[in-house]
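Protein chains in written order, with my numbering: chain A, 8 to 262; chain B, 8 to 262; chain C, 5 to 314; chain D, 5 to 314.
Reading through the structure tokens given below for one structure.
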Ligand SMILES: Cc1cc2nc3c(=O)[nH]c(=O)nc-3n(C[C@H](O)[C@H](O)[C@H](O)COP(=O)(O)OP(=O)(O)OC[C@H]3O[C@@H](n4cnc5c(N)ncnc54)[C@H](O)[C@@H]3O)c2cc1C
Ligand SMILES: Cc1cc2nc3c(=O)[nH]c(=O)nc-3n(C[C@H](O)[C@H](O)[C@H](O)COP(=O)(O)OP(=O)(O)OC[C@H]3O[C@@H](n4cnc5c(N)ncnc54)[C@H](O)[C@@H]3O)c2cc1C
Ligand SMILES: Cc1cc2nc3c(=O)[nH]c(=O)nc-3n(C[C@H](O)[C@H](O)[C@H](O)COP(=O)(O)O)c2cc1C
Ligand SMILES: Cc1cc2nc3c(=O)[nH]c(=O)nc-3n(C[C@H](O)[C@H](O)[C@H](O)COP(=O)(O)O)c2cc1C
Ligand code: FES
Ligand code: FES
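Structure (structure tokens):
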């Protein structure tokens, strides 16, 4: 394979929330939910995003506006081109229909888990956000259990609080999660405690995307190629998970 | 394909005449009679030879001692290694059994035509040499018609003389020939005159063997990749054939 | 589609030489005889270059002189050529070739270059290319110090004084500051820069025999391995000088050609591509360029020259 | 077969550092954290090198920083690193890594090199590698003139005075006379030469967007494209100096490693090979080397070092 961006035309843009937009483009490769692509804006930068939609040969990325790159991306119009390469990494492993599963998305982590939710039938699906206006995909997934930190909609509290309650009632055998690492770490602890399988998607600073630069390290695991999705056993051997990460320069910071 | 020599062990050596030896080695690739391989002696040189024997996975080259390279080759012992690459070029086209054919080998040109004679059934096979001790493969091809310039064995005269006589008697539809270019050119003229198809193998100085260096030119045809075997139509458009050739330096010399 | 493609122009004007398309047969590939030049022109080349000619005849290095590997080709032909007098008789009636013919001349000293240039001046060549950059022939190019700005200036000025033909100076990618060489050539009166010659040299060792494979042990590296280096050289030179650049190195597809042209090449040379895609690589590359131009809304190749700098 | 292979020794002594095998993780590949170094050692590397560390933290160039193409890889990471103080806390307990760890240090001036070398001197590194040869980071390597014999001599002598660790000097293939740099390093007290760093730089233009792909536009070329150049550099340097050479460039198989060792390398670095064959490229290359040695009647890798020169 040759790791170089291919230009694609943005064929549609959807405003999801005031700070989140979904960009649609043609995409024909194989894609496992949880994998990511690198999105290139020439002369600007190139950063990782998961596919949040796949519909025939149209895929979408759902992007939260944060810094320079995502601001530039948000300014793109229908017809503009972006470069994409990938998909990269190891996605979520789908469960048998008979396995009772729960999917948890926190914040923009929803983007990563949406395609999984499309494919994993009969799962409980929990979404958490700080407030009602930040909730995503409410029309797409009608059965979602919603949590907001401020109680502006649904359960008042975190996804972890709600998950803890639900675990008491349901016999989940497998939990999938994507969101802030603090949330993921709590879910990992919860799953360890209750002996539930889990798979979570971990974020680190990505440069190459294919396992050579070492930038995305988490305890010797390369997020980009060994992850981004890890299971409970993997995470047990990743002491950095939930604790520290290395930045763009390689400096170690506490989470 | 990667054009680099592979080392093979010489597993047998046969003295054919005082000046000609056959070297046998393992060879598994596909080979069309008339194609050639490049034979490398490390730190010495690398030159073209046709395969003169193929028997299962053992092939042979039959080499006339001439200058530095063939002298060094003649000094090789069983167990020594040589490098080979190829086969290269376009070989002879085999004829249907129903086509009456004649194969003509002159001097060391016999090496090129021997594997064709193995495969082309029911052909008349003529060999010419200066004298009896230079005749090749007499045990291998029992039915050969032999000519010597000095009359020391068989027909006294050239292969062309004999061929002219035989054409009178037999209705050859196709003639194959390899040998000195003067002989080839006469056979080509003979075939043109009698409206007989012919294929002859032309020699030029070979360097790359795969069509890039231009060293083996004959009227815009590259011997190494467009030939070395050409048919009557090809030859008609090759005014250099039988007349001039370019040498190792590119100087043009008359034949 | 074919109808639309017909409206797309590949023709370029290179130092007042009209090329029907920007593909040029690079020197040292098939340029040994008049007949081969004609055959290459018949296969679609916009211009053809002869194999470099020196004052005296040269046999070149021992074989193997050309080998390939995973990423390209290595060669150390060693400038075999029949010498200027023989070349003059080989290359006659060049108007009938069907494409402009470029002479390539080499020398071991300034006087040699002048003598060979003069020797070929009446033959009908459209331009003279002067490689100062061979990495594997003692007495010539990099192995005799011709690749410095000073030597480049001296040699090119001397030839400039003796001929009215356009002069293309062919330079090496193996130098820390390629633009200074290009500038020296421009200052000396060069009409265009050919960038680049083969890089390295490189070596491939056959591990079974424990010996370097090439007869000369080392040779210049060309083909895919060279392409990004050549593109960067052309990109840098395009910014640094005003005369046109002929981009050479690793081009075997229309996309490669377009990449090189976007970097700033007014025309593109093809060498190793004759191996990877056959002698009709020229017409293939042209068809692919046309296709791309059509699909991307261009109808003239000249519109994209240097566009990557915008 | 396995019985026989067990009798074959790959272990090498490099400047009195014992390596269980000659494969070394090249600098800049995965060497960002202690955990990754350990993982590479677990995957069979004979030694591992950290990503180059400068005095201050650096974010490096914008992405894309690493891309691949038909013949290899281009990178312009731009020496992102956390700076020497952070590196000291990252790289602790190096004895537990399972293979010797080599520090790689960079600087914009001689004092920086000295400061970084001193800053890492108590961390348990087995050697210090000093690249003077990066082709794509302003202020460092070739872009700040560190690749000349004079600069090499100055920087290496200065560091030599301040540390007792073996010093490996990493040099560029982009210089007309590589042996003069190797000699300058040897004269300044270097313990070994690492040859080579990435070549070029090269450029790849995305023709649809008409823009260079790398964030820094140009980047060093590595992988298959580089191998014959690297082999030739090692071959030349081996003849020119007495200290050992670590051969780096395009090695991803046992055959490649053996070729480089025959050219004169006492050990071999692997970078791009981590991409082409995976993180276990080290154990794969070792298994392939053993297999070849066995089939060819050798039982010690040291017996073939430089054998192509005989
Ligand atoms: C595997 C993976 C999948 C992702 N999927 C999505 C997604 O679907 N939707 C979405 O909105 N975001 C996603 N992200 C995060 C997204 O890459 C960052 O939000 C984006 O790069 C921010 O760039 P910026 O220049 O706008 O912000 P900056 O101001 O540069 O940074 C804002 C935050 O984003 C992080 N970030 C910046 N660059 C990178 C990078 N190269 N790699 C990882 N993190 C970075 C920074 O560490 C910081 O925390 C994903 C990240 C990873 C690792
Ligand atoms: C396609 C082809 C197939 C051949 N097959 C055979 C064969 O099966 N058996 C055999 O004995 N000979 C064969 N030859 C000829 C053989 O290549 C030469 O005899 C050999 O190269 C001579 O090398 P030397 O150094 O011993 O002699 P030199 O003294 O170098 O030359 C003696 C003669 O061989 C010719 N010659 C030398 N080098 C080459 C070269 N690289 N390419 C072509 N001709 C060369 C010279 O022009 C001269 O006429 C073949 C040649 C060609 C082109
Ligand atoms: C076999 C071979 C012979 C060459 N001979 C010459 C030569 O005589 N003069 C010259 O200027 N360049 C010579 N070159 C260099 C080419 O003209 C060209 O610059 C180089 O091959 C890069 O282009 P490519 O990658 O398309 O092959 C030669 C290259 C090859 C492969
Ligand atoms: C992504 C990447 C980053 C690199 N970073 C560094 C570096 O920080 N310091 C250094 O000395 N060399 C660096 N290099 C060069 C390598 O160490 C090595 O010399 C080069 O890649 C050639 O080896 P290879 O062909 O096996 O990759 C880097 C190479 C790559 C591909
Ligand atoms: S991003 Fe480079 S190794 Fe993961
Ligand atoms: S030998 Fe090189 S083209 Fe035929």
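Every residue gets a Cβ at the ideal spot worked out from N, C-alpha and C, and that includes glycine.
| Query | Result |
| --- | --- |
| Residue 1 of chain B CB to nearest heavy atom of ligand 2 below 7 Å | Outside the displayed span of chain B (8 to 262) sits residue 1 of chain B, for which this structure offers no information. |
| The beta strand (DSSP E) enclosing residue 62 of chain D, as first and last residue numbers | Per DSSP, residue 62 of chain D belongs to no beta strand (DSSP E) and is neither H nor E. |
| Pick from B:34, B:191, B:160 that is closest to residue 138 of chain B, judged by C-alpha positions | B:160 |
| Residues bridged to residue 22 of chain D (per DSSP) | D:17 |
| Members of the segment 213-231 of chain C that neighbour chain D once the beta carbon cut-off is set at 7 Å | 214, 215, 216, 222, 225, 228, 229 |
| Alpha carbon of residue 149 of chain A to alpha carbon of residue 125 of chain A, nearest angstrom | 12 Å |
| Three-state secondary structure assigned by DSSP to residue 232 of chain D | helix |
| Helix, strand or coil at residue 5 of chain D according to DSSP, with G and I counted as helix | Because the pLDDT of residue 5 of chain D is 47, which lies under 50, any placement of that residue in the model is unreliable, and the number read from its coordinates should be weighed accordingly. In this structure, residue 5 of chain D counts as coil in the three-state DSSP scheme. |
| Length at least 3, wholly inside the segment 248-276 of chain C: the beta strand (DSSP E) runs in chain order | 249-252, 269-274 |
| Environment of residue 256 of chain B [buried if 16+ CB atoms lie within 10 Å] | buried |
| Per DSSP, the bridge partner or partners of residue 151 of chain A | Beta-bridge pairing links residue 151 of chain A to no other residue. |
| Reference residue 269 of chain D; option with closest CA among D:308, D:289, D:138, D:218 | D:308 |
| is_contact[residue 239 of chain C, chain D] using C-beta, thresh 8 Å | yes |
| Short CB-CB distance (under 8 Å) between residue 251 of chain D and chain C | no |
| Local Cβ density within 10 Å of residue 139 of chain C, reported as buried at 16 or more and exposed below that | buried |
| Beta-carbon proximity of residue 77 of chain D to residue 227 of chain D, cut-off 8 Å | yes |
| CB-CB length for residue 43 of chain B against residue 94 of chain B, believed under 8 Å | 6 Å |
| Near ligand 1: residue 217 of chain C beta-carbon under 7 Å from a heavy atom | no |
| Residue 67 of chain C beta carbon less than 8 Å from that of residue 52 of chain B | yes |
| Simplified DSSP state of residue 208 of chain B, which is helix, strand or coil | strand |
| Neighbour flag for residue 80 of chain B against chain C, beta carbons, 8 Å | no |
| Cβ-heavy atom distance, residue 73 of chain A to ligand 1, below 7 Å | yes |
| Chain-ordered chain C contacts of residue 99 of chain D [CB-CB under 7 Å] | In chain order: nothing, as chain C lies at least about 36 Å away. |
| Buried versus exposed call for residue 96 of chain C [16 or more other C-beta atoms within 10 Å across all chains shown] | exposed |
| Own chain residues within Cβ distance below 7 Å of residue 117 of chain A, not counting five before or after | 134, 143, 144 |
| Local conformation of residue 74 of chain D per DSSP, three classes | coil |
| Local Cβ density within 10 Å of residue 65 of chain C, reported as buried at 16 or more and exposed below that | buried |
| Three-state secondary structure assigned by DSSP to residue 100 of chain B | coil |
| Residue of A:234, A:193, A:106 minimising C-alpha distance to residue 178 of chain A | A:106 |
| Chain D within 8 Å of residue 262 of chain A, Cβ atoms only | no |
| Exposure of residue 110 of chain B, with buried meaning 16 or more beta-carbon neighbours within 10 Å | buried |
| Distance between residue 9 of chain C and residue 258 of chain C (C-alpha atoms, nearest Å) | 14 Å |
| Between the CA atoms of residue 57 of chain A and residue 235 of chain B - distance to the nearest angstrom | 57 Å |
| Chain A contact residues for residue 39 of chain D, given Cβ-Cβ distances below 7 Å | 224, 226, 227 |
| Contact set for residue 166 of chain A: own chain, Cβ-Cβ below 6 Å, skip 5 residues either direction | 111, 113, 133, 135, 154 |
| Among D:13, D:277, D:271, D:69, the one whose alpha carbon lies nearest that of residue 141 of chain D | D:69 |
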